[in-house]
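Chains A and B supply the protein sequences, listed in that same order.
In this text, residue positions in the first sequence follow the working numbering: the first is 1, and each later residue adds one.
In this text, residue positions in the second sequence follow the working numbering: the first is 1001, and each later residue adds one.
Note that CB positions come from ideal geometry on N, CA and C, so glycine has one too.
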Amino acid sequence: MAEQTPKHTPRHTYVYVTYIVSTPEKVWAALTDAEISASYWQRENVSDWKVGSEWQHRLPGKAPDVIGKVLESDPPRRLVTTWEVPSDRGNPDTTNRCVFDIEDQGGKVKLTVTHSDLGDKALKDVSGGWPAVLANLKTLLETGRTMPDAFSGLGAHPRG
Amino acid sequence: MADDMDRVFKALADASRRRLLDLLHAEEGQTLGALAARLDMTRQAVSQHLAVLEAANLVATVRLGREKLHYLNPVPINEVHARWIAKFERPRLDALAALKRRLEGEQDG
C-alpha cells in the first residue's frame, strides 16, 4: 500500500526527547519486549519487529488498542512503525507514524520520539500520554522500578 | 538531576522564553525566522533564547533540509508536574474516590 498524506485534514507532529542513564540496547528492549513494555506503559508492545511485520499495542492478553506495521527496524538505534486504529484499519485519516531514535551519548541515551501525521483527535490522545510513558520508562531503566502513580491524572495513554 | 531541574526553572524564568513555548504549543515545528517574526525580536535574540530552551530540553529540534524546526518538548515539564503537583493532588484524588465509593454505596443500599 502506497503511503499517502491526505490534504483535507490537518496533520500534526509531536517530538519528545528524554535523556536516560542507560544503554541503547536496554532502551530498545524496553520498547520492543512485551513484558518490559507492559511494566511501564500498561500495554505490551508485541511483534517480531521485522520490516513489514505487524505490531500490536494491547493490555496483556486483550485485543489491541493500536496496531500497525514495522516500517524500519535497526536495533538498537531506530524503529519506525505505523499506528492504526484496529476498527478503522487502513484509513489514512486515522493512521499515523511513530519514530524512535536511540542515540548513545556515552553513559546516557538520548531517546527521541517523533509521532507524526496525527489528526486532531489523535493529537489530543497522544499529547497527554507520551510524557507519562517516557517518565515511567526513564524511572524503570534508571532505578529498576516503575512509578505507581505514573498515569494518574494525566489522561490517556498514547494511541492512534 | 538537580542540574537538569535548575536548567528547566532558569529557562522558564523569562517571559520571552515562556512566550516562545506558548508559540510552539500553538503551532508545532516552527523555524527560527517564523518565531522571530511573531515575537518582534531579532533572529539573534530568539536564537539565544531557543538555545537556552534546548539546553533545558524544553525544545526539541528536527532538521528538515536546510531548515531547523522547533518543537515544544513537554517531558521536563511533566517531571516538574510529578515532583511538585502530582503528590499534592494525591490526597484530593483519594478523597474524591472515597466520596464516590460512599455515594455509590448509599445508592446500592
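Anything in the segment 1013 to 1034 of chain B with a Cβ closer than 9 Å to a Cβ of chain A? List those residues in chain order, please. Glu1028, Gly1029
Suppose the cutoff is 6 Å on Cβ atoms and the five residues either side in sequence are ignored; what does the same chain contact list for Lys108 (chain A) look like? Tyr19, Val21
Name, in chain order, the residues that DSSP records as bridge partners for Ser15 (chain A). Strictly speaking, residue 15 (chain A) in this sequence is Val, with Ser absent from that position. Per DSSP, A:Thr114.
From A:Lys138, A:Asp104, A:Thr95, A:Ala30, residue whose alpha carbon lies closest to that of Glu44 (chain A): A:Ala30
For Asn192 (chain A), tell me which candidate among A:Ser39, A:Trp83, A:Leu111 has the shortest Cα-Cα distance. Past the edges of chain A, shown from 1 to 160, lies residue 192 (chain A), and the structure says nothing about it.
For Tyr1071 (chain B), which beta-bridge partners are listed by DSSP? B:Ala1060
Could you check where the beta strand (DSSP E) with Val80 (chain A) kicks off and where it finishes? 78 to 83
Below 7 Å between beta carbons is the criterion; list the residues of the segment 1069 to 1086 of chain B that meet it against any residue of chain A, in chain order. Tyr1071, Asn1073, Pro1074, Val1075, Asn1078, Glu1079, Ala1082, Ala1086
Going by the CB atoms, is the gap between Arg78 (chain A) and Val99 (chain A) shorter than 9 Å? yes
Measure the beta-carbon distance from Val46 (chain A) to Leu111 (chain A) and round it to whole angstroms, keeping in mind my assumption that it falls under 8 Å. So it is not a contact: roughly 20 Å between Cβ atoms.
Relative to the C-alpha of Ile102 (chain A), which candidate in A:Asp74, A:Asn91, A:Arg89, A:Gly90 has its C-alpha closest? A:Asp74
Determine the burial state of Leu59 (chain A): buried for a count of at least 16 other Cβ atoms within 10 Å of its Cβ, exposed for fewer. exposed
Compare the C-alpha of Pro1076 (chain B) against each of B:Leu1058, B:Leu1064, B:Trp1084 and name the closest. B:Leu1058
In three-state terms, what does DSSP make of Asn91 (chain A)? coil
Below 8 Å, can you find three or more Cβ-Cβ pairs linking the segment 1051 to 1065 of chain B to the segment 1007 to 1026 of chain B? yes
Quick check: what's the CA-CA separation for Val70 (chain A) versus Arg1066 (chain B)? 28 Å
Going along chain B, which residues have a C-beta under 7 Å from Pro131 (chain A)? Pro1074, Val1075, Asn1078
Let's test the definition: count the other Cβ atoms within 10 Å of the Cβ of Lys62 (chain A) and tell me whether it reaches 16, buried, or not, exposed. exposed
Could you tell me which residues DSSP pairs with His57 (chain A) in its beta bridges? A:Asn45, A:Val66
Minimum Cβ-Cβ distance from Leu134 (chain A) to chain B less than 9 Å: yes
Hey, is Ala1060 (chain B)'s beta-carbon within less than 9 Å of any beta-carbon in chain A? yes
If we cut at 9 Å on Cβ distances, does Asp1006 (chain B) have a partner in chain A? no
State buried or exposed for Asp117 (chain A), treating a residue as buried only when at least 16 other CB atoms are found within 10 Å of its CB. buried
Is DSSP giving Val1080 (chain B) helix, strand or coil here? helix
Outcome for Glu1028 (chain B) when other beta-carbon atoms lying within 10 angstroms are tallied against a minimum of 16: buried
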